[in-house]
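Okay, structure first, notes after.
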Amino acid sequence: MFRIHFECADLARTTIAQRPDPLWEVLLGLHVLQEDEEAETYGPWRERARARLSSLERELLALAPPVGYSPDFLTPRAASEGLEAGLTAIAATRPGQLKSELTRLSDAVRLPAWTRRLAGGDTTVMSRLVHGLRSFHRTKIAPQLPMIAIAVEPVVAKHNDTVANDGFEKLIPQLHGSLSWSAPVLSVDMPHVNRDLYLRGRGLRLVPSFFCWKHPIMLQDPALPPVLVYPARHDLARQEVVVRRPDRARAVADLIGKTRAQVLLGISGGACSTSELAARVGISKASASEHARVLHDTGLVTTHRVGSSVRHMLNQVGADVLAGGRG
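Numbering (full-length UniProt numbering), first residue to last: 1 to 327.
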């Protein structure tokens, strides 16, 4: 049993993330990739991902064994602000944390030689790891985001309503069958686990996840910001499937929003700065920056920093989305 101890302040500071965390989805996607269970939910994705796994992405498997411990530094809190913020936090992981967590992992699994250089603070190896994580998100996670949103958003909406109307206590059994509440302790029934986590006023961040499926998951280090990642998958099989010939241009706008679709189209006109993008679309620079950030985080565009400015470019995933919209 994993026991999470609340104080009054913790209940006031407990929050529900409104969407999956990009780096938790990467880590848990890597777990799912190495399993063969839940074929109905993950089978087609798993088959495609395994067939198209690059050597850079394959290296990530060493740090994400499907059973047991995975290093906490792979899922920093900063990723709640977006993929790039999370990757920046990973790159800045303290050497002591790297060494400690990789040593712990090496006690359970055999690690390749490059992980020793990573533990030693080799910036070249860290850069390669960050590129691998970004690539896995762009090629394996981002293309699934529309489907993930359809699966997760109704679940999160239900949880929001429960908290608003009935309170935190009524939410617990909805999150997962392994969770139980006996004030002031939230218990998670997990195999081979006997731990206590004292929140001490920090609150608990509840994060829905599409790729989390066995049971809720938490960080190992109790000093890190507390998080509980829980499975959140709407039963798509029970939804009525309507087959029709779509208006693809409208479908793209419906999917990502009219303004964001216009921003994506604006970027397709060629690499541009945020100011140039704002002028192309006819919106404020701040709005253009925010829409470009979201498109980048979802893998539709690539953003590079050049001196004090950034350049936005359409990537293949974004091009495919627009191609569908023009079809």
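No residue lacks a Cβ here, since even glycine has one placed at the ideal position from N, Cα and C. In this text, all values refer to a predicted model and were calculated from it rather than measured experimentally.
Residue of the options minimising C-alpha distance to residue i
{"i": "H312", "options": "T303, G318, D320 and Y198", "result": "T303"}
{"i": "V156", "options": "S287, R233, L74 and S273", "result": "R233"}
{"i": "Q144", "options": "D10, F211 and L314", "result": "F211"}
{"i": "V317", "options": "C272, E290 and I267", "result": "I267"}
{"i": "Q262", "options": "A278, E57 and T14", "result": "A278"}
{"i": "L27", "options": "V109, F6, H5 and R134", "result": "R134"}
{"i": "G203", "options": "D166, P216 and L228", "result": "L228"}
{"i": "H137", "options": "L56, T123 and L118", "result": "L56"}
{"i": "L105", "options": "L206, G269, H31 and L63", "result": "L63"}
{"i": "T139", "options": "S54, C272 and G43", "result": "S54"}
{"i": "R205", "options": "I172, R13 and M1", "result": "R13"}
{"i": "S100", "options": "L118, A113 and T88", "result": "L118"}
{"i": "S178", "options": "V193, G167 and N165", "result": "V193"}
{"i": "P65", "options": "V130, S308, D107 and P95", "result": "D107"}
Residue(s) in a DSSP beta bridge with residue i
{"i": "W181", "result": "L186"}
{"i": "R205", "result": "T15 and V227"}
{"i": "F2", "result": "V188 and R195"}
{"i": "M147", "result": "None, per the DSSP bridge assignment."}
{"i": "I217", "result": "V229"}
Cβ of residue i within 7 Å of any chain D Cβ
{"i": "A113", "result": "Checking the listed chains, one finds no chain D in this structure; it contains a single protein chain."}
Integer Cβ distance of residue i from residue j, believed to fall under 8 Å
{"i": "T274", "j": "V301", "result": "About 12 Å separates the two Cβ atoms, so there is no contact after all."}
{"i": "P226", "j": "W213", "result": "The Cβ separation is near 22 Å, so there is no contact."}
{"i": "F73", "j": "Q97", "result": "6 Å"}
{"i": "L199", "j": "E7", "result": "7 Å"}
{"i": "V163", "j": "L175", "result": "With 8 Å as the limit, V163 and L175 do not qualify as a contact, their Cβ atoms being about 11 Å apart."}
{"i": "A142", "j": "G299", "result": "3 Å"}
{"i": "A89", "j": "P71", "result": "Their Cβ separation, rounded to whole angstroms, is 13 Å, which puts A89 and P71 out of contact at 8 Å."}
{"i": "H159", "j": "I16", "result": "6 Å"}
Give the list of continuous beta strand (DSSP E) stretches no shorter than 3 residues that lie fully inside the UniProt domain "HTH arsR-type" (251-327). 301-306 and 309-314
Pairs of beta-carbons, one from the segment 174-192 and one from the segment 37-54, closer than 8 Å: are there three or more? no
Cβ contact check for the segment 72-84 and the segment 16-28: 3 or more pairs under 8 Å: yes
Unbroken stretches of the alpha helix (DSSP H), 4 residues or longer, contained in the segment 40-89: 55-58
As an exercise, report each continuous alpha helix (DSSP H) stretch of at least 4 residues that is fully enclosed by the segment 119-164, in chain order. 123-136
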